[in-house]
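Heads up, the final residue of the sequence shown is numbered 686 in our numbering, and it's a clean run with no missing numbers.
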Amino acid sequence: MNRHFTSVAVCLFAFTAAAQAQDARVLKAPSPVNDFAPAEEFVPDAIVVEFDAPTAALADVFVPQTGATGNVAVDDVAFRFDVTTIRKQFEGADPVAAAAAGMPDLSGYYVIEFDAATHALDDVIAAYAALPNVVRVEKIGIHPVSILPNDGTFPSQWHLNQATDRDIDAPEAWNIETGDPSVIVAVLDTGVRYYHKDLGGSGGSASNPGGAGGNIWINQLEKLGTPGVDDDGNGFVDDWVGWDFVTGVSGCWSGEDCSAADNDPRDFNGHGTHCAGNVAALNNNGYATCSPAGGWGNGSLQPTGNGVKVMAMRIGWSGSYLGQEVGYVRMDFAASAFYYAANNGARVASCSWGSSNSGGVGAAVTYFVAAGGLVFKAAGNSNNQTADYLCGRSDVYCVAATNQNDQKASFSSYGTWVDVSCPGVAIWSSYHNHNDPTPDYIAALDGTSMATPLVASTAAAVWSQNPTWNAGQVWSQVRDTADNIDGQNPSYVGRLGSGRINLYNAVNTVPVNTPPSVTISSPANGSTVTQGTTVNFSGGATDTQDGNISGFLVWTSNLQGQIGTGASFSRSDLVLGTHTITASVTDSGGLSGSASISLTVQSPGATPPAAPSGVTATRIAAFTARVNWNDNSSNEDGFQIERQRRVGNQWTETTTVGSVGANVTTFTSTVSVAGKYRYRVRAFNAAGNSAWSNWAQVTLNN
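Now the structure itself:
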């Protein structure tokens, strides 16, 4: 038997525009100064007002429901100055709780927004300050801050920030979110120089790779465990910093490790290190470059990082093509890496290479996505409209590259299958130079390879900002907040995705509002009370946006309309009958929640009826029985009939088959399946139900 083994390998989507033969440790510069910003300015259309206690109490009730405070004088000023929004500044602030805790009471603070096009800020302030109900009025200051990092190459990273603003607005975004270590991004590539100080922090180096930390994912159970033992039981021994899946590859570049898979996913080619830096290079550490979700340091090199984590997955190597060094990956290595990443906590995968549906990669991607992950894939550098395998999938998001003018990069592939675009020309990032392996390097590379990890990092930042979101929500946010670049690309409209990503827009999210949760704790559902009895009602309402809003509950009865408000109240005037009691509330975002119970009010002295007796069941036609009983009560409202079917040795399928009115003592029942059946009857009135009668059996067939 002849067996043919095919090894599928594809080129990486990047090429060098310029490479720095300098140790990244010398690329430092003073912190840039935003010297063109004014020393201070104010929001032109908003102020903060502190109301006195009575007005604040009114506002707490009325603002969520009506948008007004409930105070006539205050609301008159709001009307005159075209106030558009009034909202509580310190949500959940409560004067009673503040007093009990010995804390300042902030419950009276509200933010008021108005139409600045027709009203001057000072005029609005004067009007509110003149009100006796207002304790203070404040402008809202805007102060310049040096959010630009002091990393030496940041001024050259045009894709993060440039004067023309054809960038991803990273400095603006970093005021909101810089990334969180709980979010792990798997970089499936040629490996990662995980001890590069702009990735692994100050503790690692070429001579001490085990000191790596920073923004590199570290498997602490294995790092601190017993050498040679799979301490965490994940099937990989000593996988303390990811995994090297490359094994059995011939034709590797001289000096590269391609013989066996192991626990050292270090880079040789440099491509993977560059991609990793675009995901999570340490920000504001005075060293090398920056990234969208690289956290925020204290201005100097530190051993740890607070950005998203890079999981190093080596699936590629350097090979030779026409005498030139070229990076390759193999689909089986990629498949293994997807599986590992999914099982070890990665939520995002960055894939800057070509693909085919081979080597199990299709199933592995499906697994990763099913685990809740997001996959970002380079569109390719062929300047054509042909999608490779992964880009042809609807659950993988493909990235085209743009230049400094928001135009499609000359090399970038494009098409209706592209999901989003991102800068990919002259992108500076961390690098590994295998010809000089000791010092850290940085390099400027072109390619959709560079654009892809920038999008992955943006998604990781969104997930950091919104940790409860699922993958679909994160992707929608990244896609829907991209800047439209159709005007710069008239020949590619509809073929560059939703636009060029904007990190600031993506992380500038409003928390997703959910309806309030309402519970009724008293009275119990199905309770019966005598008319005139005092009934105590109590319940609660909680909301992810507004917290405890039990005080805003509104209680209604289907028989009497509104019967109360708040978390608890009592009523002794409920009318006779069976009430459906509903407690409902609406949160500040306009979403409502409710809960309902049944409560029966009976006449004084009323008692449940006596149980019927003498029940018989007689077959009167095919599949039809007549049930008869003796009426032993004089105060029933009717009778309820219940049926069971014999299945094997058990009576089952208990079903209420009907009811009849008072004084009726017969009922006809039809079944669809032949067999043995039995029936019983009970009487009911407003005071409750009688006991059940005896069972009466009958065989029904055709």
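Glycine included, each C-beta is placed from N, C-alpha and C at the ideal position. Source: prediction; values computed, not measured.
Going by alpha carbons, who is nearest to residue i out of the options?
| i | options | result |
| --- | --- | --- |
| Trp280 | Asp164, Ala325, Gln624 | Asp164 |
| Ile200 | Lys293, Trp237, Asn616, Ile96 | Lys293 |
| Phe668 | Gln586, Arg629, Thr257 | Gln586 |
| Asn612 | Asp621, Pro596, Gly622 | Pro596 |
| Val655 | Asn619, Ile604, Tyr94, Asn678 | Ile604 |
| Trp447 | Ile411, Ser396, Leu358 | Leu358 |
| Thr639 | Gly632, Gln628, Thr649, Val648 | Gln628 |
| Thr683 | Trp301, Ala658, Gln204 | Ala658 |
| Val491 | Gln449, Leu105, Ser505, Gly478 | Gln449 |
| Gln472 | Asp464, Thr465, Arg484 | Arg484 |
| Asp557 | Ala567, Gln546, Thr566 | Gln546 |
| Val477 | Ala427, Phe46, Trp401 | Trp401 |
| Ala104 | Arg64, Val233, Leu90, Trp301 | Arg64 |
| Thr465 | Phe395, Asp403, Ser505, Ala525 | Asp403 |
| Gly212 | Asp246, Gly232, Ala196 | Asp246 |
| Pro407 | Tyr425, Gly399, Asp430 | Asp430 |
| Asn489 | Arg479, Ser501, Asn468 | Asn468 |
| Ile581 | Gly510, Gly456, Ala385 | Gly510 |
| Arg301 | Pro421, Asp379, Thr231 | The amino acid occupying residue 301 in the given sequence is Trp; Arg does not appear at that position. When each option's Cα is compared against that of Trp301, the closest is Thr231. |
| Ser166 | Asn328, Trp227, Leu480, Thr649 | Asn328 |
| Thr566 | Gln529, Thr528, Phe521 | Phe521 |
Could you tell me which residues DSSP pairs with residue i in its beta bridges?
| i | result |
| --- | --- |
| Met297 | Leu172, Trp227 |
| Trp412 | Ala428 |
| Asn612 | Thr600, Thr650 |
| His563 | Leu583 |
| Pro407 | Thr386 |
| Ser576 | Thr570 |
| Ala605 | Thr608 |
| Asp89 | For Asp89, which the question treats as bridged, DSSP gives no partner whatsoever. |
| Tyr398 | Paired residues: none, contrary to the question. |
| Phe668 | Gly622, Asn673 |
| Ala333 | Ala170, Val359 |
| Ile200 | Val294 |
| Ile31 | Ile96 |
| Trp539 | Gly548, Ala567 |
Use the C-beta contact count for residue i: other C-beta atoms within 10 angstroms, 16 or more gives buried, fewer gives exposed.
| i | result |
| --- | --- |
| Gln461 | buried |
| Ser15 | Model confidence at Ser15 stands at a pLDDT of 26, short of 50, so the residue's coordinates are unreliable and nothing is read from them. |
| Pro249 | buried |
| Phe98 | buried |
| Asn365 | buried |
| Asn282 | exposed |
| Phe322 | buried |
| Gln308 | exposed |
| Arg120 | exposed |
| Leu285 | buried |
| Val10 | The predicted position of Val10 is uncertain, since its pLDDT is 32 and thus under 50; no value can be drawn from it. |
| His127 | Caution is warranted here: a pLDDT of 37 is assigned to His127, below 50, making its placement in the model unreliable, and the coordinate value is therefore given only provisionally. Looking at its Cβ environment, which holds fewer than 16 other Cβ atoms inside 10 Å, His127 is exposed. |
| Asn685 | exposed |
| Gly76 | exposed |
| Thr122 | The identity of residue 122 in the sequence shown is Glu, whereas the question assumes Thr. Exposed, since its Cβ has fewer than 16 Cβ neighbours within 10 Å. |
| Gln391 | buried |
| Thr39 | buried |
| Ala196 | buried |
| Glu637 | exposed |
| Phe(-11) | Note that Phe(-11) scores 23 on pLDDT, short of 50, meaning its location in the model is unreliable; the coordinates nonetheless yield the value given after this. By the neighbour-count rule (16 or more Cβ atoms within 10 Å), Phe(-11) is not buried but exposed. |
| Ala234 | The identity of residue 234 in the sequence shown is Ser, whereas the question assumes Ala. Label assigned to Ser234: exposed. |
| Tyr398 | buried |
| Gly577 | buried |
| Tyr305 | exposed |
| Arg666 | buried |
| Ala101 | exposed |
| Gly219 | exposed |
| Gly183 | Strictly speaking, residue 183 in this sequence is Leu, with Gly absent from that position. Burial call: buried. |
| Thr602 | exposed |
Report the CB separation of residue i from residue j in whole angstroms; it is logged as a contact under 8 Å.
| i | j | result |
| --- | --- | --- |
| Lys660 | Gln634 | That pair is no contact at about 11 Å. |
| Leu543 | Ala333 | That belief does not hold up - the Cβ atoms of Leu543 and Ala333 are roughly 59 Å apart, past 8 Å. |
| Gly574 | Ala551 | Not really, about 21 Å apart at Cβ, beyond 8 Å. |
| Gly303 | Val313 | Gly303 to Val313, Cβ: 11 Å. No contact. |
| Gly185 | Tyr178 | Rounded, the Cβ-Cβ distance is 10 Å, inconsistent with contact. |
| Ala319 | Ala348 | 4 Å |
Just to check, is the beta-carbon of residue i closer than 7 Å to a non-hydrogen atom of the ligand MN?
| i | result |
| --- | --- |
| Arg120 | Absence of the ligand MN from the depicted structure is noted, as is the absence of any ligand whatsoever, leaving it without description. |
Item to check | Runs of alpha helix (DSSP H) wholly within the segment 462 to 531 (minimum 4 residues, chain order) | outcome: Annotation: the segment 462 to 531 contains the following complete segments of the alpha helix (DSSP H) (minimum length 4 residues), in chain order: 487 to 491.
Item to check | Segments assigned alpha helix (DSSP H), at least 4 residues, entirely inside the segment 39 to 125 | outcome: The qualifying runs are 56 to 64, 79 to 85, 105 to 113.
Checklist entry - Which parts of the segment 250 to 282 are runs of the alpha helix (DSSP H), unbroken and 4 residues or longer, counting only runs that do not cross its ends? => result 255 to 264, all fully within the segment 250 to 282.
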